[in-house]
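If you read the protein sequences in the order shown, they are chains U and E. Residues in the first sequence are numbered consecutively from 93, following the numbering used here. Residues in the second sequence are numbered consecutively from 21, following the numbering used here. Virtual Cβ for every residue (Gly too), placed ideally from N, Cα, C. Below: the structure, in structure tokens.
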Amino acid sequence: MRVRDRLSAALTATLGYLWSGWGAVSSLLLFCALWEWGGQVYGTLILPGPMETFARLGAMFDRGMAMPELVISARRALYGLGLALGAGTLLGLVAGRSLTASMVSRPLVTLLLGMPPIAWLVLAMLWFGMGDATPVFTVFIACFPIVFAGAMQGARTVDNKLRDMARSYRLPWWMMLTDVHLPHVTSYLFPAWITALGTSWKVVVMAELLTTADGVGAALAVSRAQLDTATSMGWILAVLGLLLAFEYLFLEPVKRRVERWRTEVAA
Amino acid sequence: MSVLQIRDLHHRYGATEVLAGIDLDLHAGEVLALLGPSGCGKSTLLHIVAGLLIPSEASLHSSFNRLSCVFQEPRLMPWKTALDNIALGLKAQRVARVERRTRAAELGARMGLDSEDLDKYPHELSGGMQSRVSLARALATRPDLLLLDEPFSALDVGLKAELYALLIDQVRRFGTAVLMITHDLMEAVRLADRILMMAPEPGRLVHEVSLDTVQEARSSTWVYQSSAALMQEEAVRIGFGLAQAEDAGGGAP
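Spelled out as structure tokens, the structure:
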């Protein structure tokens, strides 16, 4: 009975979430309308409309030319992002535990955040050459400070009163971690992770455009050289579509699940 | 028999002395109430006993093993349901999940929280309910020393009476020693075996009152009369900041 209740509650929540997507869909469609209008004013050479772009994207998938490039880019982005999430979260939490470490790292984070990814890219090209390592490193270094700052902020702001309470109940260290620190820190980490995800996609395409011979960025470079605006738009669309799908079909539901104590409305 | 013994306790925040020369004994099964104006160091003393603060100087001896604390604010984990909050101390004692949830639900029910309330998160509960969850969390571990920092101040009168009975029941059944802070003289008179009056700047114990009538025999009339009698005493009036105004009027140093 309880399991069924829980299942039905989860189902209701999921359906409710999907239903709330209509607002997002209509705003996207509005954007498409604007885009179509722009396409009609400027002509297909300058700005192909949404219909044409979607058709081209479909054709690219049919010819088997889109998938391999997307997989390559996704792999690079996820490697870089994965490294940044791991290292950034871990080091950020450690830094947040110590006042000195957070004071030392704050200006460094500002420095790293302020450094344009293109500058890192130039350095990475010199250090790592034209292989996979260059885009992966650039993604890592662009995402790392975002995650680090989020984790540090989360660790710094754990409520001292709750910590005292936990100490007075003699909570063992693993409970301190799972019951006091992690739930609090997660609410800071998730937004940082989502921002990092968006950054990783943007940076990987940029890095590929300038350095590698494969991946979405490289394909974009080719279509640009051929003045093939429709194909360029197709690539852009593919990247955006993947980003939106990953964020709204995976990260956002996970976030809602993890943070239901925060958002649940009073019955 | 377990005992808490404090001798010559001093505590300073920076250069400010907040507690000076505190001597205090607390035995198993005894209820001790600390009364005094705000800022006289009552909470600091409680935090020291709870082991959350190291006193600047003191000889402190305690043979109690399981200590529970109820703070002024409920201090519930916002990410845990009321039930899991109550079960927190049991989880720390590694009681199995099913058992700790059963025990927490039982205790919650005695506090007047139904299963629907227990499934809610703290922000969905009223202030009084949060206080009850916090008290239930403290009682769940069957402590032998219970520290209470004004736990009943957010509750209505009827509920207070029930929780007083619950507390005294706990003391009788498990021999729990209780150290409670309160601003409410009648509450102290109803519950305590001994009342200690504190005075500020620096925080110190100035007066002790023993109440010999057993808690179960204390009728409302007895509580009113005893409280009224206590209010006539000079030390008690000072404790409530009533005598100071007269002192100032009389030009005392």
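Which term fits residue i, buried or exposed, when burial requires 16 or more other beta carbons within 10 angstroms of its beta carbon?
i         : result
U:Gly-309 : buried
E:Asn-105 : buried
U:Thr-106 : exposed
U:Leu-99  : exposed
E:Gln-252 : exposed
E:Val-153 : buried
U:Val-214 : exposed
E:Ile-74  : exposed
U:Gln-318 : exposed
U:Glu-161 : buried
U:Ser-165 : buried
E:Val-234 : exposed
U:Phe-342 : exposed
E:Lys-140 : buried
E:Thr-36  : exposed
U:Tyr-109 : exposed
E:Gln-150 : buried
U:Phe-240 : buried
U:Asp-154 : exposed
E:Glu-207 : buried
U:Pro-283 : exposed
U:Thr-104 : exposed
What residue range does the alpha helix (DSSP H) around residue i cover?
i         : result
E:Gln-190 : 177-194
E:Ile-10  : The requested residue 10 of chain E does not occur in the structure, where chain E is confined to residues 21 to 273.
U:Asp-256 : 252-260
U:Tyr-280 : 274-303
U:Gly-309 : 308-317
E:Asp-104 : 102-106
E:Ala-283 : The first residue shown for chain E is 21 and the last is 273, placing residue 283 of chain E beyond what the model contains.
State the CB to CB distance for the pair residue i and residue j, rounded to an integer number of angstroms; the pair is presumed to be in contact (CB under 8 Å).
i         : j         : result
E:Val-256 : E:Met-217 : 6 Å
U:Ala-158 : U:Ala-330 : 6 Å
E:Arg-95  : U:Met-222 : Actually they do not touch by this definition, with Cβ atoms about 57 Å apart.
E:Ala-70  : U:Pro-264 : Not quite, the Cβ-Cβ distance comes to about 17 Å (not below 8 Å), so this is no contact.
E:Val-90  : E:Asp-169 : 6 Å
U:Pro-140 : U:Ala-322 : 4 Å
E:Ile-42  : E:Arg-224 : 7 Å
E:Ser-247 : E:Leu-199 : Actually they do not touch by this definition, with Cβ atoms about 20 Å apart.
E:Arg-120 : E:Ala-107 : 4 Å
E:Ile-258 : E:Val-209 : About 18 Å; that fails the 8 Å criterion.
E:Ala-158 : E:Leu-166 : 6 Å
Can you tell me where the beta strand (DSSP E) holding residue i begins and where it ends?
i         : result
E:Met-217 : 214-219
U:Met-325 : Per DSSP, U:Met-325 belongs to no beta strand (DSSP E); it is in the alpha helix (DSSP H), 321-338.
E:Gln-25  : 23-33
E:Thr-241 : That residue, E:Thr-241, is in no beta strand (DSSP E); its alpha helix (DSSP H) goes 240-251.
E:Glu-77  : 77-82
E:Glu-37  : 36-47
E:Val-229 : 224-230
At a threshold of 7 Å, does residue i count as lining the ligand MN (C-beta to nearest heavy atom)?
i         : result
E:Leu-225 : Within the structure as shown, the ligand MN is missing, as the structure has no ligands at all.
Quick check on the DSSP output: what are the complete alpha helix (DSSP H) runs of length 4 or more inside the segment 111-175 of chain E, in order along the chain?
For the alpha helix (DSSP H) assignment, the uninterrupted runs of no fewer than 4 residues enclosed by the segment 111-175 of chain E are, from N- to C-terminal side, 117-130, 135-138, 147-160.
Taking 8 Å as the cut-off, does the segment 77-89 of chain E touch the segment 225-239 of chain U (at least 3 CB pairs, one atom from each stretch)?
no
What are the complete alpha helix (DSSP H) segments, minimum 4 residues, inside the segment 187-225 of chain U?
Restricted to the segment 187-225 of chain U, the alpha helix (DSSP H) segments that are unbroken, complete and at least 4 residues in length are 191-206, 209-220, listed in chain order.
Specify whether the segment 140-156 of chain E and the segment 279-297 of chain U touch according to this definition: at least 3 beta carbon pairs, one from each stretch, less than 8 Å apart.
no
Please determine if the segment 134-150 of chain U and the segment 322-336 of chain U are in contact, where contact requires at least 3 C-beta pairs separated by less than 8 Å.
The answer is yes - the segment 322-336 of chain U touches the segment 134-150 of chain U, with three or more Cβ pairs under 8 Å.
Runs of 4 residues minimum, wholly inside the segment 117-177 of chain U: which ones carry the alpha helix (DSSP H) assignment?
142-154
Under 8 Å: do the segment 243-253 of chain U and the segment 188-201 of chain U share three or more Cβ pairs, one atom per stretch?
yes
Can we say the segment 30-43 of chain E touches the segment 181-201 of chain E, given the rule of at least three CB pairs closer than 8 Å?
Taking 8 Å as the limit for Cβ pairs, the verdict is that the segment 181-201 of chain E does not touch the segment 30-43 of chain E.
Would you call the segment 176-189 of chain E and the segment 123-135 of chain E touching, i.e. three or more CB-CB distances under 8 Å?
yes
Could you check whether the segment 167-187 of chain U touches the segment 339-350 of chain U, counting it as contact only if at least three pairs of C-beta atoms, one from each stretch, sit closer than 8 Å?
no
Take every Cβ of the segment 224-233 of chain U, pair it with every Cβ of the segment 297-306 of chain U, and state whether three or more of those distances are shorter than 8 Å.
Under the 8 Å Cβ criterion, the segment 224-233 of chain U counts as touching the segment 297-306 of chain U, having at least three qualifying pairs.
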